[in-house]
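In terms of this note's numbering, the sequence shown opens at residue 23 and continues consecutively.
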Amino acid sequence: QLEFIAHATFLLRLDSGRSIVIDPYKAHEFNGRFDYPTFAPLCDFAVITHEHIDHAWLGDLRGNPVVVRQAWCDRELRISSVFAYHDAFGGTKFGGYVLMKVIEADGQRLCHLGDVGEPLSDAQIAALGHCDVAIVPIGGFYTIDAHAAHALATRLAARTTIPCHFKTPLCTLPIADATPFLRLAGTYTHIPHATYPIDSLPPGIVLLDDAFTPNKISALRAMGTGYVLVSLRAYAWCGTGYVLVSLRAYA
């Protein structure tokens, strides 16, 4: 079962009851531009794609989890890594490389691409293999942008592609919101925050609500800070604020 927490952080629960946190973030960083609250789950594994504070913070995790930076294998769970650069300049712009993760458990295969910042080669695509779920960054600047992410999702051809690492009311880093990627996708499914069995996720592009943003939008509206509450489940950044969109199509 898969839950989108925020940014690039996901919580995966296995049938055995063990749980895996992927790319845990540190709350309230980047001078207020990354304002997600503390996420402090009890977990068995912490899977890290790279050593940046919004992807590799272990300080709030409970349960003394096993930290997997490269690989893990036991009777129930297999985790492997595929190398990629963090940017299109050989890792010289944004701090080196990422180890994209492939997680296999309970008959399902999931890949998380971390902060991949370069177009992937055929060899990298082959190493990732066919996945039931691909988690792909789409916001640009620190990662591949919407066009590159859409092209990569097409090449990966996972049953379900989940975008991450984009602008929200709680993340105002210089990255795009989901709108450009969703426009390129054309059709997608937008579903509210919850924990979903991987094999029940719809096929195609699936936009998951994170665990915190809807409540934050309500709070900002109550404070009169300039955000316009239009839906707890769908909104788009227009450069000056969040504006009304459809649950199924961004305007």
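Beta carbons: idealized from backbone N, C-alpha and C, even for Gly.
- Ala175 places its beta carbon less than 7 Å from that of Thr183.
- In terms of Cβ geometry, Tyr119 and His108 form a close pair [threshold 7 Å].
- The stretch 214-223 and the stretch 191-204 do not touch, with fewer than three beta-carbon pairs separated by less than 8 Å.
- Judged by their CB atoms, Ile147 and Arg177 are nearer to each other than the 7 Å cut-off.
- DSSP, read as helix, strand or coil, puts Phe105 in strand.
- In the structure shown, the three-state DSSP call for Arg205 is helix.
- Of Leu142, Pro59, Phe163, Gly151, the smallest CA-CA separation from Phe116 is found for Phe163.
- For Ala179, the three-state secondary structure derived from DSSP is coil.
- Going by C-alpha positions, Val138 is about 6 Å away from Ile166.
- Residue state for His169 is assigned as helix, using DSSP reduced to three classes.
- Counting the other Cβ atoms within 10 Å of the Cβ of Cys186 gives 16 or more, which makes it buried.
- Thr217 is a Cβ neighbour of Glu25, given a cutoff of 7 Å.
- From the listed residues Asp66, Cys65, Glu51, the smallest Cα separation to Pro59 is found for Glu51.
- Check the Cα spacing between Leu142 and each of Leu132, Ala173, Glu126, Glu73: the tightest is with Ala173.
- Looking at the DSSP output, Ser41 shares a beta bridge with Arg35.
- Looking at the backbone, the Cα of Ile101 and that of Val43 are separated by about 13 Å.
- The continuous alpha helix (DSSP H) containing Ile147 extends over residues 144-150.
- Contact between Asp231 and His215 holds, with the beta-carbon distance rounding to 4 Å and staying under 8 Å.
- If you ignore the 5 residues before and after Gly85, its C-beta comes within less than 6 Å of the C-beta of Leu64, Cys65, all in its own chain and listed in chain order.
- Spanning the alpha carbons of Leu195 and Phe56 requires a straight line of approximately 7 Å.
- Of the residues assessed, Asp76 falls on the buried side of the cut-off, its CB having 16 or more other CB atoms within 10 angstroms.
- A check of alpha carbon separations from Leu36 across Gln23, Gly161, Cys153, Val158 identifies Gln23 as the nearest.
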